[in-house]
Amino acid sequence: MSETAFLPHLADLERLMTRLSEGECCSVIALSNMGKSMLLRRACDPAAQRRFLGTRSADLAFFYVDCNTMLTLSEQGFYEAALRSVLAEIKRLGAADAFVEHLHDLYHKVVEPSSPFLVPLSFNEAMVALSEKLGRRVVFLFDEFDDPFARLDGRVFLNLRALRDKYGKALCFVTATGQELCNQRKDVEASEFCELFTEYVIYLAGLNPDEARHVVRNIARAEGIELERDEIEFVIEQAGGHVGLLQAVTAVLFRVAAGVPASLRERSLTMACQQLDSDGPVRAECAKLWEQLTAEEQSALLRFLTGGQTLPLDPEMLTLVQKGILTGGESPAVFGELFAGYARRQHLVRQPVRSGVYVDVESGDVWVDGKPVPILTDHEYRLLLLLYGRINKIVTRDDVAESVWGADYMENIDDARCDKLLSRLRAKIESDPANPKYLQTVRGRGYKLVSG
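Start counting the sequence shown at 1; every next residue gets the next number (the working numbering).
Structure below.
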């Protein structure tokens with residue numbers, strides 16, 4: 001895949017362009033940072049338009065509206081953002097100066113109306129001018145549309161529907177949201193707007209592996225770094241095709257592992273892996289994904305992770321495939337290790353609180369009295385696993401030296417080094433390390449992990 005030819009979500013972008021070339025409205029649905037903004041921005045790229053539309057690209061005018069830039073979450077704020085996007089693009093489309101000036105005048109009437117009634121009237125006049133005089137099919141792409149759709153007065157959407165009914169295929173809307181429009185509100189005005197999209201919905205999953213590798217390489221090159229193949233594959237394994245997680249994991253890799261000698265690569269990647277679960281951006285991306293799933297989808301994912309799935313998948317699990325949480329195929333799996341681990345921790349949170357120390361050996365997570373402990377270093381985790389495997393039994397310092405550092409290093413490990421490691425672990429396990437409840441020292445004999 002060449003650098004210049006790279007287009008993420010290629011098949012989805014082609015589907016979207018096909019719908020717009022036919023004059024249809026389209027709803028793009030994707031969870032947080034799965035790439036829906038990237039898709040809409042690519043659709044506005046003249047090179048992408050020529051690639052998919054050919055000579056027909058000159059017949060369409062694309063206006064990208066980032067609803068996060070609305071100055072107020074109001075009817076006026078929505079119309080202002082839409083017309084602002086028109087003014088930013090209209091000259092590039094070759095519109096006459098008088099036409100551009102007319103749109104500027106209408107924009108100012110929306111921003112500073114002499115009467116509130118002028119806000120929708122001026123917006124509609126601008127839409128009439130675009131639809132009747134621009135000489136192109138007008139396409140508005142509303143990105144980050146969830147909040148406006150959920151909270152604006154229904155008259156806004158009834159107005160958009162009326163404009164579409166008036167101009168038909170000469171005026172198209174594309175919306176990008178985290179969930180289906182029809183599930184967000186049920187009032188009559190909004191429902192009529194939703195009818196525009198019922199037959200044309202694109203569910204956007206994550207990037208495919210080749211696209212994800214390309215994104216990771218570009219992130220690294222922007223920082224002046226060339227990643228090795230195993231480093232790139234580490235990022236893909238952890239983040240899958242989720243754009244936000246690809247960025248977050250690559251940032252951790254830069255801090256810990258990028259550029260180390262090949263002889264230390266495996267160890268540095270292990271260190272990077274240990275830091276991921278406690279990394280703020282990583283946790284934030286996983287939390288946003290989890291919160292955007294419905295309660296039924298969350299339960300289905302937990303059933304899948306705890307071994308309750310059977311083929312064929314049930315409807316809720318199929319929805320997770322559709323949304324990119326589960327990858328399709330005969331052996332479905334969660335798209336990346338990080339989100340799989342986050343979901344497993346949610347399963348633990350839902351369980352009755354366990355007293356004492358609990359180690360999820362599969363995920364590497366550690367809990368004390370139902371609460372997660374700070375991330376452990378490799379040596380701390382090895383020591384805890386040793387103690388956990390012999391719970392309520394004494395473990396000698398020789399056992400610790402061999403299990404934690406290895407038999408080849410036993411002669412170089414003294415009691416003080418073992419005690420210091422235990423002290424660091426105790427600081428993360430115990431609420432009062434000076435008076436340990438679970439992690440105890442047995443004078444002259446070794447250490448013991450006591451059950452709750």
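Glycine included, each C-beta is placed from N, C-alpha and C at the ideal position.
Using a 10 Å radius around the Cβ and a threshold of 16 neighbouring Cβ atoms, would you call residue 17 buried or exposed?
Counted from its first residue, the sequence shown places residue 17 at position 17. Its Cβ being crowded by 16 or more others within 10 Å, residue 17 is buried.
Following the continuous beta strand (DSSP E) through residue 358, name the residue where it begins and the one where it ends.
Against the sequence shown, residue 358 aligns to sequence position 358. Per DSSP, residue 358 belongs to the beta strand (DSSP E) from 357–360.
Across which residues does DSSP place residue 137 in a beta bridge pair?
Taking the sequence shown and counting its residues from 1, the one referred to as residue 137 is at position 137. Beta-bridge pairing links residue 137 to 60.
Let me know if residue 2 comes out buried or exposed under the rule of 16 or more other beta-carbons within 10 Å of its beta-carbon.
As a first step, residue 2 is located in the sequence shown; it is residue number 2 there, counting from the start. Caution is warranted here: a pLDDT of 36 is assigned to residue 2, below 50, making its placement in the model unreliable, and no coordinate value can be reported.
What span of residues does the beta strand (DSSP E) with residue 448 cover, start to end?
One-based indexing of the sequence shown puts residue 448 at position 448. Annotation for residue 448: the continuous beta strand (DSSP E) segment containing it runs 446–449.
Is it the case that the CB of residue 328 approaches a heavy atom of the ligand FAD more closely than 6 Å?
In terms of ligand content, the structure shown is empty, and the ligand FAD therefore cannot be addressed.
Below 8 Å, how does it come out for the region 217–230 and the region 332–345: are there three or more Cβ pairs, yes or no?
When C-beta atoms of the region 217–230 are compared with those of the region 332–345, fewer than three pairs fall below 8 Å, so the two segments do not count as touching.
Helix, strand or coil for residue 441 per DSSP?
Here the question's residue 441 lines up with position 441 in the sequence shown. DSSP places residue 441 within a strand segment (E or B) once states are collapsed to three.
Any idea if residue 175 is buried or exposed, counting beta-carbon neighbours within 10 angstroms, 16 or more meaning buried?
Taking the first residue of the sequence shown as position 1, residue 175 is located at position 175. So residue 175 ends up on the buried side.
Exposed or buried, what is residue 278 when buried is set at 16 or more other beta-carbons lying within 10 Å of its beta-carbon?
Translated into positions along the sequence shown, residue 278 becomes position 278. Under this definition residue 278 is an exposed residue.
Which residue's Cα is closest to the Cα of residue 134: 19, 87, 359, 305?
Numbered from 1 along the sequence shown, position 134 holds the residue referred to as residue 134. Closest option to residue 134, Cα to Cα, is 87.
Give a yes or no on contact between the region 324–332 and the region 266–281, applying the rule of three or more CB pairs nearer than 8 Å.
With the cut-off at 8 Å, the region 324–332 and the region 266–281 do not touch.
Would residue 214 be called buried (16 or more neighbouring beta carbons within 10 Å of its own) or exposed?
Walking along the sequence shown from the start, residue 214 turns up at place 214. With 16 or more other Cβ atoms within 10 Å, it is buried.
Would you report the Cα separation of residue 201 and residue 182, rounded to the nearest angstrom?
For the purposes of this step, residue 201 is taken as the residue at position 201 of the sequence shown. For the purposes of this step, residue 182 is taken as the residue at position 182 of the sequence shown. When the Cα atoms are used, residue 201 and residue 182 turn out to be separated by approximately 12 Å.
Roughly how many angstroms lie between the CA atoms of residue 156 and residue 132, to the nearest whole one?
Here residue 156 is taken as the residue at index 156 of the sequence shown, counted from 1. Here residue 132 is taken as the residue at index 132 of the sequence shown, counted from 1. Cα to Cα, residue 156 sits roughly 21 Å from residue 132.
Cβ-based burial, residue 68 [other Cβ within 10 Å; buried from 16]:
Translated into positions along the sequence shown, residue 68 becomes position 68. Residue 68 is exposed by the Cβ-count criterion.
For residue 404, which residues of its own chain have a beta-carbon under 6 Å away from its beta-carbon, when the five flanking residues on both sides are left out?
Translated into positions along the sequence shown, residue 404 becomes position 404. Result list for residue 404: 379, 382, 383, in chain order.
Let me know the beta strand (DSSP E) ranges lying completely inside the region 185–254, each 3 residues or longer, listed in chain order.
Segments of the beta strand (DSSP E) lying fully in the region 185–254: 201–203.
According to DSSP, residues forming a beta bridge with residue 100:
As a first step, residue 100 must be located in the sequence shown, where it is residue number 100. Residue pairing by DSSP places residue 100 in no beta bridge whatsoever.
In angstroms with no decimal places, state the Cα-to-Cα distance between residue 368 and residue 356.
Walking along the sequence shown from the start, residue 368 turns up at place 368. Walking along the sequence shown from the start, residue 356 turns up at place 356. Cα-Cα distance, rounded: 5 Å.
Residues in the same chain with beta-carbon distance under 8 Å from residue 204, minus the five sequence neighbours each way, listed in chain order, please.
Position 204 of the sequence shown holds residue 204. For residue 204, where only same-chain residues beyond five positions count, the Cβ hits under 8 Å are 9, 12, 28, 29, 30, 34, 35, 36, 39, 324.
Kindly indicate which three-state DSSP category residue 377 falls into: helix, strand or coil?
Within the sequence shown, numbered from 1, the residue matching residue 377 stands at position 377. Annotated three-state conformation of residue 377 is coil, per DSSP.
Looking only at C-alpha atoms, which of 179, 168, 286, 190 sits nearest to residue 154?
The residue labelled residue 154 in the question sits at position 154 within the sequence shown. Minimum Cα distance to residue 154 is reached at 190.
Which residues in the same chain as residue 238 place their Cβ atom closer than 8 Å to its Cβ, once the five residues preceding and following it in sequence are excluded?
Here residue 238 refers to the residue found at position 238 when the sequence shown is read from its first residue. Contacts found: 245, 249, 273, 276, 336, 337, 338.
Is the beta carbon of residue 446 sitting closer than 7 Å to the one on residue 394?
Against the sequence shown, residue 446 aligns to sequence position 446. Against the sequence shown, residue 394 aligns to sequence position 394. Taking a C-beta distance under 7 Å as the contact criterion, residue 446 and residue 394 qualify as a contact pair.
Rounding to the nearest angstrom, what Cα-Cα distance links residue 442 and residue 396 in this structure?
For this step, residue 442 is matched to residue 442 along the sequence shown. For this step, residue 396 is matched to residue 396 along the sequence shown. Residue 442 and residue 396 have their C-alpha atoms spaced approximately 9 Å apart.
Nearest CA to the CA of residue 421: which residue from 377, 431, 451?
Numbered from 1 along the sequence shown, position 421 holds the residue referred to as residue 421. Nearest Cα to residue 421 within the set 377, 431, 451: 377.
Quick check on the DSSP output: the alpha helix (DSSP H) that includes residue 177 runs from which residue to which?
As a first step, residue 177 is located in the sequence shown; it is residue number 177 there, counting from the start. Annotation for residue 177: no alpha helix (DSSP H) segment contains it, though the beta strand (DSSP E) segment containing it runs 171–177.
Please report how far the alpha carbon of residue 179 lies from the alpha carbon of residue 286, in whole angstroms.
As a working mapping, residue 179 is identified with position 179 in the sequence shown. As a working mapping, residue 286 is identified with position 286 in the sequence shown. Cα to Cα, residue 179 sits roughly 17 Å from residue 286.
DSSP on residue 431, reduced to helix/strand/coil?
In the sequence shown, residue 431 corresponds to position 431, counting from 1. DSSP places residue 431 in coil when its eight states are reduced to three.
To which residues does DSSP link residue 327 through a beta bridge?
Residue 327 sits at position 327 when you count from the first residue of the sequence shown. DSSP lists 333 as partners of residue 327.
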